[in-house]
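Chains as they are written, first to last, in my numbering: chain S, 6 to 263; chain A, -11 to 349.
This report refers to the structure that appears directly beneath it.
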Amino acid sequence: MAKRIEASNVSSYYGSFKAIDSVSMTVEPKTITALIGPSGCGKSTFLRSINRMHEVLPGARIEGRLTIDDQNIYDPDVDVTAVRRMIGMVFQRPNPFPTMSIYENAVAGLKLNGVKKKSLLDEAAEKSLRSANLWDEVKDRLDRPGAGLSGGQQQRLCIARTIAVEPQVVLMDEPCSALDPISTLAIEDLMFKLKDRFTIIIVTHNMQQAARVSDKTGFFSIDKTGDPGRLIEYDDTQKIFSNPSQRKTEDYITGRFG
Amino acid sequence: MSILERQVPGVVMTPDNIRSRKLPVVTNVLVAVAAFAVAAVVVLGTGIGNWVLAVVVGAVLYLVGLYFAAGRVEGRRAAKNRTMQALIYSACVLAILPLASVVWTLVSKGIERLDANFFSTSMNNIGARDPLGGAYHAIIGTLEQVGIATLMAVPLGVLGAIYLVEYGRGKFAGTVRFFVDVMTGIPSIVAGLFILSFWVLIVSPWFNDGQPRFSGFAASLALAVLMLPTIVRSTEEMLRLVPGPLREGSYALGVPQWKTILKVVLPTALPGIVTGVMLAVARAAGETAPVLLVAGGAAAINFDPFGGNQQSLSLFVYQQAGDASRYAPARAWTAALTLVALVLILTIAAKLLARRNKLSR
Chain S
6 MAKRIEASNV
16 SSYYGSFKAI
26 DSVSMTVEPK
36 TITALIGPSG
46 CGKSTFLRSI
56 NRMHEVLPGA
66 RIEGRLTIDD
76 QNIYDPDVDV
86 TAVRRMIGMV
96 FQRPNPFPTM
106 SIYENAVAGL
116 KLNGVKKKSL
126 LDEAAEKSLR
136 SANLWDEVKD
146 RLDRPGAGLS
156 GGQQQRLCIA
166 RTIAVEPQVV
176 LMDEPCSALD
186 PISTLAIEDL
196 MFKLKDRFTI
206 IIVTHNMQQA
216 ARVSDKTGFF
226 SIDKTGDPGR
236 LIEYDDTQKI
246 FSNPSQRKTE
256 DYITGRFG
Chain A
-11 MSILERQVPG
-1 VVMTPDNIRS
9 RKLPVVTNVL
19 VAVAAFAVAA
29 VVVLGTGIGN
39 WVLAVVVGAV
49 LYLVGLYFAA
59 GRVEGRRAAK
69 NRTMQALIYS
79 ACVLAILPLA
89 SVVWTLVSKG
99 IERLDANFFS
109 TSMNNIGARD
119 PLGGAYHAII
129 GTLEQVGIAT
139 LMAVPLGVLG
149 AIYLVEYGRG
159 KFAGTVRFFV
169 DVMTGIPSIV
179 AGLFILSFWV
189 LIVSPWFNDG
199 QPRFSGFAAS
209 LALAVLMLPT
219 IVRSTEEMLR
229 LVPGPLREGS
239 YALGVPQWKT
249 ILKVVLPTAL
259 PGIVTGVMLA
269 VARAAGETAP
279 VLLVAGGAAA
289 INFDPFGGNQ
299 QSLSLFVYQQ
309 AGDASRYAPA
319 RAWTAALTLV
329 ALVLILTIAA
339 KLLARRNKLS
349 R
């Protein structure tokens, strides 16, 4: 059950530093949206503010409205853990829990949220590992440590862990930047597969990747260091990469800038 | 000519030959033999010292000789490398020597009374002329006092460290950290005096018809005071080593912070925390002054940590070492050996226990 995300005039601050300025965009359910832009332009900050992960840093706050199916996730009576269960996240570097086995990693979200029944956990582990295209590689060694897998496998394990709690939205923060091309391809294939069930937003530095996987693309940029990042253009991927309406976007994707 | 060539003599940036001569092993051994022979002749011949001084002088001569021998054959850079390497190895040997010496002394002197009688009897009714007598009561006391102290200090210390790392912000956390640092430097006798004046003289009379009373539990309190800062600091360091992305990974699954700490952060840091706790336990087990002040020591077996005087191994060592009986020193050595063995066994057991929970690599 994928959900629609709407951001209107979202500005994000770290203390007194304004990281992004007045971003508005609508992400339709069951689509893949790519966020591109130079380093430090605020795309990761925007992504992290969608599931309130930026709040992990002290002093981080946000202005504007961010709604998921018309519920504002920044309303005072909203439970942060519920938001994060609904909006999962995959990080740049694979971060499987080192003390847990592959099986325990896959169902960590369920277990830590109180699911105890072994049969349910077994079912969820197999289902999520299959969804993450990892089952065939690990089914004979589920009790081995998750940190012993290769980088690409670890990242797919983290994706399995994320989708095991059945979120409605999956955020990916440069999920392939630490991986080799073959593992990257495996994860891109996986994203197409997951698109049927989830809304996916991905931050990437790889423009070919954005062009390959996404339906829509948002281009973020900053004028100079210290300025807040802005959303310059947000449109169909097709259009952004063939005929962008902003000069800056064209400069960036053709490699003249950034 | 490159800058390197101009500045450093003997360096050729584009050498035709990348090989260099190596100091033969035979030469190395010859230098060592010569160095120690010269040292022995000089030191022992003139009678200014014994074999220890000869070895030290020999080692220094060897280092110098090696530097010049290697310098002639291999050049200055390689000679420095060789000398420094030899220096590091000697420093390592020098650091291990006292430790080996301590263990050897303990074992060789402690073995005399290492018998069943020592571990099954107390010093009750043992006079100056009795060769028997044991440390059973002291072992009981040490185990009870350190055990209770650990039960008090570990939860407090670990929770305090969790507060400092995961929740503490601003002035209050800074103050807590500062006072923990100050506590680290408290001499054990001061902790003992504090418990004496607070627990033994003020609190214990409430439970003993108005009479102050020594107890093993009072010793536990003093030991807990000593253990607490060590546990807080080491646990804090270990928790800080847990990578942030692990916490974020857990938060991103919708896991609340307390559960993230309990199920992800603490298990990851567990082996390090156990090491810190065992250091604190080892320190507490070796403390003599607080036990002397607030538990008083005893000759008889007392299982009750809340009632009356209790003995501990370190206090037993202290008392036996100062005793006039000619059988006492042997008892002191064996008790010291027992104390070291006890701490060693506890440490190994704790490490194994902490590792069993982790996955095999």
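Idealized CB from N, CA, C, for every residue including glycine.
Nearest to A/Trp321 by alpha-carbon distance, out of A/Leu301, A/Tyr155, A/Ile128 and A/Ser208, is A/Leu301. In the three-state reduction of the DSSP assignment, A/Ser89 falls in the helix class. Following the DSSP letters along the chain, one finds A/Ile150 in no beta strand (DSSP E) but inside the alpha helix (DSSP H) bounded by residues Tyr124 to Ile150.
Under the three-state reduction of DSSP output, S/Asn14 falls in the strand class. Assigned with DSSP and collapsed to three states, S/Asp240 falls in strand. Counting the other Cβ atoms within 10 Å of the Cβ of S/Ser226 gives 16 or more, which makes it buried. The three-state secondary structure of A/Phe294, taken from DSSP, is coil.
Unbroken alpha helix (DSSP H) stretches of 4 residues or longer found wholly inside the region 120 to 165 of chain S: 123 to 136 and 140 to 143, given in chain order. Taking 7 Å as the cut-off, the Cβ atoms of S/Ala129 and S/Arg161 do not count as close. DSSP lists S/Leu176 as the beta-bridge partner residues of S/Met94.
Taking the C-beta atoms as reference points, A/Gln298 is found nearer than 7 Å to A/Gly129.
Sequence-distant partners of A/Ser110 (beyond 5 residues in either direction) whose C-beta falls short of 7 Å from its own C-beta, in its chain, are Gly122, Tyr124, His125, Ala287, Ala288 and Ile289. For the 7 Å CB-CB criterion, S/Val32 and S/Ile67 do not form a contact. Under the criterion of beta carbons closer than 8 Å, S/Leu52 and S/Val208 qualify as touching, at roughly 5 Å. Proximity of A/Leu234 to chain S, defined by a Cβ-Cβ separation below 7 Å, is satisfied.
Take S/Lys116, set aside five residues on each side of it, and the residues of its chain with a beta-carbon closer than 8 Å to its own are Glu109 and Leu126, in chain order. As the crow flies, the alpha-carbon of A/Ile177 is around 13 Å from that of A/Ala283.
For S/Arg261 and A/Gly237, the gap between their C-alpha atoms comes out near 36 Å. The alpha-carbon of A/Cys80 is positioned some 14 Å away from that of A/Thr71. Relative to the Cα of S/Asp228, the nearest Cα in the group S/Ser21, S/Gly47 and S/Val15 belongs to S/Gly47. Beta-bridge analysis with DSSP links S/Val208 to S/Leu40 and S/Asp178. If you draw a 10 Å sphere on the C-beta of A/Gly204, you find 16 or more other C-beta atoms in it, and that means buried. Neighbours of A/Lys247 in chain S, taken as residues whose beta carbon is under 7 Å from its own, are Leu117 in chain order. DSSP places A/Ser108 inside the alpha helix (DSSP H), whose first and last residues are Ala104 to Ser108.
Taking all protein chains in view, the Cβ of A/Trp39 is surrounded by fewer than 16 other Cβ atoms within 10 Å, so the residue is classified as exposed.
Within the region 248 to 272 of chain A, the residues whose Cβ lies closer than 7 Å to some Cβ of chain S are Lys251, Val252, Pro255 and Thr256, listed in chain order.
Collapsing the DSSP output to three states places A/Gly115 in coil. The beta carbon of A/Pro175 does not come within 7 Å of any beta carbon belonging to chain S, so the residue lies off that interface. In this structure, the beta-carbon distance from A/Pro255 to S/Thr104 falls below 7 Å. Counting other Cβ atoms within 10 Å of its Cβ, A/Gly35 stays below 16 and is therefore classed as exposed.
Within chain A, not a single residue places a beta-carbon under 8 Å from that of S/Thr50; the smallest gap is close to 14 Å. Look at A/Gly122: its C-beta is not under 7 Å from any C-beta on chain S. With respect to A/Gly264, A/Thr223 sits close: the two C-beta atoms are nearer than 7 Å. Remark: C-beta atoms of A/Val19 and A/Ala57 approach each other more closely than 7 Å. Residue pairing by DSSP puts S/Lys23 in a beta bridge opposite S/Tyr18.
Each of A/Ile336, A/Pro231, A/Arg319 and A/Arg343 was checked against the Cα of A/Asp103, and the nearest Cα belongs to A/Arg319.
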